[in-house]
Amino acid sequence: MSFTQTHHAFVAVDEDGVNDFVTAFFTARPRYLHYGSPPFVAATGITQTEMGAIPFPFIPGGIAWRVDFGLPQIDLYPPNGPLPAPLTMAVGQFSVHAQVRLTVGCGTLDQTGDKGGTITPISTTLDVWAVGGLLVDNFGGGNGNLRFQLDELEVLGVEPESLRNVLDCVLRMMLQAALSTFTLPFHALSAGFLTLTIEAGPEIDNDQIEVWGTVS
Amino acid sequence: MSDLLAAIDETAANTILHDAESALSLPPQSGSGSLGPFTAAWSASASLTGGTVTLSAPNIVHFTNVDLNYSVSFSLSIDLNSILPDFCLPQICIPTPWGDICTPQICISWPTITVPVSHSGTVTFSADFGINVHLTGGQWFVDVVILAIPSLSLDAEAAAIVAALGLAASAAMLAIPFIGPFLALAVAAITALIGIAAVTGLLGPILGLFLDGLTLTIYQQPQVFEVLPAGGPFDPQVNVLLNAVTADVEVSDKNELVLRVDV
Chain A
73 MSFTQTHHAF
83 VAVDEDGVND
93 FVTAFFTARP
103 RYLHYGSPPF
113 VAATGITQTE
123 MGAIPFPFIP
133 GGIAWRVDFG
143 LPQIDLYPPN
153 GPLPAPLTMA
163 VGQFSVHAQV
173 RLTVGCGTLD
183 QTGDKGGTIT
193 PISTTLDVWA
203 VGGLLVDNFG
213 GGNGNLRFQL
223 DELEVLGVEP
233 ESLRNVLDCV
243 LRMMLQAALS
253 TFTLPFHALS
263 AGFLTLTIEA
273 GPEIDNDQIE
283 VWGTVS
Chain B
6 MSDLLAAIDE
16 TAANTILHDA
26 ESALSLPPQS
36 GSGSLGPFTA
46 AWSASASLTG
56 GTVTLSAPNI
66 VHFTNVDLNY
76 SVSFSLSIDL
86 NSILPDFCLP
96 QICIPTPWGD
106 ICTPQICISW
116 PTITVPVSHS
126 GTVTFSADFG
136 INVHLTGGQW
146 FVDVVILAIP
156 SLSLDAEAAA
166 IVAALGLAAS
176 AAMLAIPFIG
186 PFLALAVAAI
196 TALIGIAAVT
206 GLLGPILGLF
216 LDGLTLTIYQ
226 QPQVFEVLPA
236 GGPFDPQVNV
246 LLNAVTADVE
256 VSDKNELVLR
266 VDV
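Going line by line, the protein sequences match chains A and B. If you number the first sequence the way the working numbering does, the last residue is 288 and the count never jumps. If you number the second sequence the way the working numbering does, the last residue is 268 and the count never jumps.
Shown next, in the form of structure tokens:
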């Protein structure tokens, strides 16, 4: 069977290639994996992104926090190994595995006001797995991007279930936000060989992202 | 399995190769050579258009009915003494009461003329190309390179050039005194001495210079490949290193040109 099938051009990126692009992106722009508020992150730069503290009444300056994602590892269908229940992966889906370190500034407040409180960072590192699919931004003329959209996320090793559900939701939103910064331009799929007008795909199968189309 | 794979069928290969044709800039050529008994300085330029691409194993790109569009200019230096008979005005004597008064015999020495000729034409050829992948100067290239210079059918082109030479020679000789009775003879002599075979013998090697090693680049990218441009002070450019590139023709239910890249 030909690669192009009933089309005139075919492009595939296997999961190693996808992870190479992911590594290149987050190595060049690590601030999209590292977020936090002062004093953990004093200012936005290449390495980290400053956000506001979590406001809460009678906590001066709010609650300081920090989130650090490890480099996400993407696995394209079929899965390379079993996924944590209840996650499953079907044709057209990918899984992503990452570690996330959550840090909060644990403050002690001086209720007398005679002296300032202290903030002690407290952290936990969690293993998260998620599954999702691809989104396409097609700008026409062979230009566009692929993006990675999470459908479901599981945090491992957290009890009780209600706490795990809270973390699943919060971390799914956070990891989705971090991954949304990563886009894979159409021209990169073929390392600049083709200006591809997509006719079919992208599909995820055979451990790769597959796209069919014509050369424009 | 390579990180990236791109495959195109023959339809897309035609698009890619025609883009490569359009981007191709063949350097102009110049030199000198023999046109019959004469020496001609020449300069030439050429471009490629059209053609149909088919693919076959092992790694052959067939390019058929490609138009080689060329322009060539010749400049011939012709010593008319070598082709025209000597011409002398005879001595004329007029009898007078004081004796004959005679003019001297005057012989004309024919000049050497320069005949410039320009001709543009198209020669259609077909040739097989091989695939050459190389990393040069920090850039990956996938070139298709002609395997052998094809034979060119040049008789019609040569006949047109001979006719143009005749016209140009005629124009160049019009200003020569006393040439009138000899003009047709000179033109006929020049075109006969040069002949179609001589023009073919010079034009073929000239056009061969454009076809020798003819290379069409179908892929050129920096080894440090830009995935995303810089997006601001905190978002630098995102690059990947293209470690290896291969290209070949693969035959299944379709013939495809397949590019593989390791990132």
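Cβ coordinates follow ideal geometry from the N, Cα and C atoms, glycine included. Quick caveat: nothing in here was measured; it's all calculated off a predicted structure.
Given residue i as reference, the closest of the options once Cα atoms are compared
i	options	result
A/Gly189	A/Thr197, A/Pro110, A/Cys178	A/Cys178
A/Ala250	A/Ile135, A/Gly108, A/Glu282, A/Pro156	A/Gly108
A/Gly213	A/Gly164, A/Ala96, A/Thr286	A/Thr286
B/Ala173	B/Ala161, B/Asn19, B/Leu188, B/Gly206	B/Leu188
B/Ala164	B/Trp145, B/His124, B/Gly185	B/His124
A/Leu266	B/Phe215, B/Asp91, B/Asp84, B/Val147	B/Val147
A/Ile294	A/Thr255, A/Asn210, A/Thr116, A/Arg138	Nothing can be reported for residue 294 of chain A, as the shown portion of chain A is limited to 73 through 288.
B/Pro42	B/Pro241, B/Pro210, B/Ile195	B/Ile195
B/Leu190	B/Pro90, B/Ala168, B/Asp253	B/Pro90
A/Thr192	A/Ser234, A/Asp223, A/Pro111, A/Pro129	A/Pro111
A/Pro156	A/Asp199, A/Phe128, A/Gly133	A/Asp199
A/Phe141	A/Ala115, A/Pro132, A/Tyr104	A/Tyr104
B/Ile13	B/Asp253, B/Leu216, B/Ala202	B/Asp253
B/Ala49	B/Gly126, B/Leu85, B/Asp105	B/Gly126
B/Leu3	B/Tyr224, B/Ala11, B/Val128	Residue 3 of chain B lies beyond the range of chain B shown here (6 to 268); nothing can be said about it.
B/Pro109	B/Trp103, B/Pro102, B/Gln96	B/Gln96
A/Gly311	A/Pro232, A/Ala162, A/Gly89	It is not possible to answer for residue 311 of chain A, since the shown part of chain A is limited to 73 through 288.
B/Thr119	B/Ala202, B/Ser78, B/Asp105	B/Ser78
Proximity test, Cβ basis, 8 Å: residue i and chain B
i	result
A/Thr76	yes
A/Gly164	no
A/Ser262	yes
A/Leu266	yes
A/Pro257	yes
A/Thr160	no
A/Val287	yes
A/Val172	no
A/Arg103	yes
A/His80	yes
A/Met73	yes
A/Gly216	no
A/Ala84	yes
A/Thr116	yes
A/Gly89	yes
Between the CA atoms of residue j and residue i - distance to the nearest angstrom
i	j	result
A/Met123	A/Ala136	10 Å
A/Leu159	A/His106	26 Å
B/Ser157	B/Pro63	Residue identity differs from the one stated: residue 157 of chain B is Leu in this sequence, not Ser. About 26 Å.
B/Thr222	A/Pro144	37 Å
B/Leu152	B/Thr205	23 Å
A/Ala202	A/Gln221	10 Å
B/Thr59	B/Asp258	14 Å
A/Leu218	A/Ser195	34 Å
B/Thr117	B/Ser82	7 Å
A/Val168	B/Thr251	30 Å
B/Ser114	B/Ala180	14 Å
B/Ser27	B/Ala51	12 Å
A/Asp240	A/Val230	10 Å
A/Thr180	A/Leu225	34 Å
A/Asp209	A/Phe254	13 Å
A/Arg236	A/Val227	7 Å
B/Val192	B/Cys98	35 Å
B/Gln226	B/Ile154	28 Å
A/Thr119	A/Ser288	38 Å
B/Cys112	B/Pro182	12 Å
B/Leu85	B/Ala132	43 Å
In DSSP terms, what residue i is bridged to
i	result
A/Glu226	A/Trp201
B/Thr101	B/Gly104
B/Leu94	B/Ile111
B/Tyr75	B/Ala51, B/Gly126
B/Ser61	B/Ile65
A/Cys241	DSSP, once it has assigned bridges, lists no residue as partnering A/Cys241.
B/Ala46	B/Ser37, B/Ser80
A/Glu282	A/Ala84, A/Glu275
Min CB distance residue i to chain A below 8 Å
i	result
B/Ser80	no
B/Asp258	yes
B/Asn244	yes
B/Ile136	no
B/Gln228	no
B/Pro241	yes
B/Ala169	no
B/Ala11	yes
B/Ile75	Note on residue identity: the sequence assigns Tyr, not Ile, to residue 75 of chain B. Not an interface residue.
Near the ligand NAD: residue i beta-carbon under 7 Å from a heavy atom
i	result
A/Met246	Absent from the structure shown: the ligand NAD. Ligands present: none.
Min CB distance residue i to chain D below 8 Å
i	result
A/Ile281	Protein chains A and B are contained in the structure displayed, whereas chain D is not.
| Hey, is the segment 34-42 of chain B in contact with the segment 12-25 of chain B, meaning 3+ C-beta pairs nearer than 8 Å? | no
| field | At least three beta-carbon pairs within less than 8 Å, the segment 275-282 of chain A to the segment 230-241 of chain B | value | no
| request: State whether the segment 67-76 of chain B contacts the segment 200-218 of chain B, with contact taken as three or more CB pairs (one from each stretch) at a distance under 8 Å. | output: At 8 Å Cβ cutoff, the stretches touch.
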